[in-house]
Each structure stands twice: as C-alpha cells, then as structure tokens.
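S.K.:
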Amino acid sequence: MSIKRITLIGTLIFTIFFFVNAACTSSSTEYKKVPVKGMVTMVDLGAASCIPCKMMAPILDRLEKRYQGKAAIVFIDLRYNREAIQQFQVRAIPTQIFFDKKGREISRHIGYMSEEAIVAQLKTMGVQ
Numbered sequence: 003m004s005i006k007r008i009t010l011i012g013t014l015i016f017t018i019f020f021f022v023n024a025a026c027t028s029s030s031t032e033y034k035k036v037p038v039k040g041m042v043t044m045v046d047l048g049a050a051s052c053i054p055c056k057m058m059a060p061i062l063d064r065l066e067k068r069y070q071g072k073a074a075i076v077f078i079d080l081r082y083n084r085e086a087i088q089q090f091q092v093r094a095i096p097t098q099i100f101f102d103k104k105g106r107e108i109s110r111h112i113g114y115m116s117e118e119a120i121v122a123q124l125k126t127m128g129v130q
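Following the working numbering, the numbering of the sequence shown begins with 3 at its first residue and continues without gaps.
Shown next as structure tokens:
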C-alpha cells in the first residue's frame, strides 16, 4: 500500500470521526432546555433507532406544528444526550413526560403513545 493511499485513508477516517463527534456534542445540551419556561411541555425521550420512537416521530412533528406557541413538543435523542437519562430518570424508551407551565412534572408515560392520548393529556393540562 502506498504512502499516498495510507494518508488518504487516514485523512478520511479523521474527517469522519471529527464530523460524527461534532454532531454528537452539538446536541448534548438539548435536554437542559426542558421544560420550556412558561409553557406546557411534552418531552419524548427516546432514540432515533428505536422502533416505537420512529413511529412517534411523525406524530410529534404534527403536534409541534399544531401546538406552536401553545405547548412545547420536544424530542430528546438519548443516544446523544446521555445526561438526560439520569436527569429525567428514564427507565425505558420511549418515555413521555408532561410538565406544566411552572415546570412541574404532571404525567409520565412509558412506551408508544398515540396522538389521541397525547392530545388528551395536553387538554387535561389546559392546552387547546
């Protein structure tokens, strides 16, 4: 193997490592923004690779648009935010936690949660 090829491979490996590491650290403080001050907050703690989490992703996208300005709908990928596991005392994924406007935990659910169930919980918390 030539030195040119070894240098190229080494450079590629370094570049890939650099960008993967940057992606992981860039979102590592995302969990610190939850709950959103002064707003009812629903946080979904999971992982992009988790099947129930993947099933919930389009639901969360719809609800985020529907409740914009009324409630915060947040997804935290625990793969990149490991500190959030301890902070929110996550036992299994996905876990959904609902916080009131004062930041107090009101409800917690483990596993897949349907759009109807999320909407119902938000309504009990005064979000229309």
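Ideal Cβ placement from N, Cα and C applies to all residues, glycine included. For clarity, every value in this text was computed on a predicted model and none was experimentally measured.
Per DSSP, residue 48 is paired with what?
M.R.: Position 46 of the sequence shown holds residue 48. Looking at the DSSP assignment, residue 48 forms a beta bridge with 79.
S.K.: Under the assumption that residue 97 contacts residue 110 (Cβ atoms under 8 Å), give the Cβ distance between them as a whole number of angstroms.
M.R.: Locating residue 97 in the sequence shown gives position 95, counting from the first residue. Locating residue 110 in the sequence shown gives position 108, counting from the first residue. Indeed, because the Cβ distance is near 7 Å, the residues count as touching under 8 Å.
S.K.: Measure the Cβ-Cβ separation of residue 74 and residue 41 and say whether it is below 8 Å.
M.R.: Mapped onto the sequence shown, residue 74 falls at position 72. Mapped onto the sequence shown, residue 41 falls at position 39. Going by C-beta atoms, residue 74 is nearer than 8 Å to residue 41.
S.K.: Kindly list the residues whose CB is nearer than 8 Å to the CB of residue 117, restricted to its own chain and excluding five residues on each side of it in sequence; keep chain order.
M.R.: Position 115 of the sequence shown, counting from 1, holds the residue named residue 117. Closer than 8 Å at Cβ, skipping near neighbours: 61, 64, 65.
S.K.: From residue 121 to residue 78, what does the alpha carbon distance come to, in whole angstroms?
M.R.: Taking the first residue of the sequence shown as 1, we reach residue 121 at position 119. Taking the first residue of the sequence shown as 1, we reach residue 78 at position 76. Rounded to whole angstroms, residue 121 to residue 78 spans 19 Å at the Cα level.
S.K.: Can you tell which of 4, 36, 47, 69 has the C-alpha that lies nearest to the C-alpha of residue 101?
M.R.: Within the sequence shown, the letter at position 99 stands for residue 101. Among 4, 36, 47, 69, the Cα nearest to that of residue 101 is on 36.
S.K.: Assuming residue 114 and residue 44 form a contact by the criterion Cβ under 8 Å, report the distance between their Cβ atoms to the nearest whole angstrom.
M.R.: Taking the sequence shown and counting its residues from 1, one reaches residue 114 at position 112. Taking the sequence shown and counting its residues from 1, one reaches residue 44 at position 42. Going by Cβ atoms, the distance from residue 114 to residue 44 rounds to 14 Å, so no, they are not a contact pair.
S.K.: Are there 16 or more other CB atoms within 10 angstroms of the CB of residue 128, so buried, or fewer, so exposed?
M.R.: Your numbering for residue 128 matches position 126 in the sequence shown. Result: exposed.
S.K.: Mind checking whether residue 95 and residue 55 have CB atoms under 8 Å apart?
M.R.: On the sequence shown, position 93 is the one that residue 95 refers to. On the sequence shown, position 53 is the one that residue 55 refers to. Yes, Cβ-Cβ distance for residue 95 and residue 55 is below 8 Å.
S.K.: Going straight from the alpha carbon of residue 81 to that of residue 49, what length do you get?
M.R.: Residue 81 sits at position 79 when you count from the first residue of the sequence shown. Residue 49 sits at position 47 when you count from the first residue of the sequence shown. About 6 Å.
S.K.: Among 7, 47, 72, 84, which one has its Cα closest to the Cα of residue 39?
M.R.: Here residue 39 corresponds to residue number 37 of the sequence shown, with the count starting at 1. With distances taken between Cα atoms, residue 39 lies closest to 72.
S.K.: Kindly list the residues whose CB is nearer than 8 Å to the CB of residue 93, restricted to its own chain and excluding five residues on each side of it in sequence; keep chain order.
M.R.: Position 91 of the sequence shown, counted from the first residue, corresponds to residue 93. Counting only Cβ-Cβ distances below 8 Å, and skipping sequence neighbours, we find 112.
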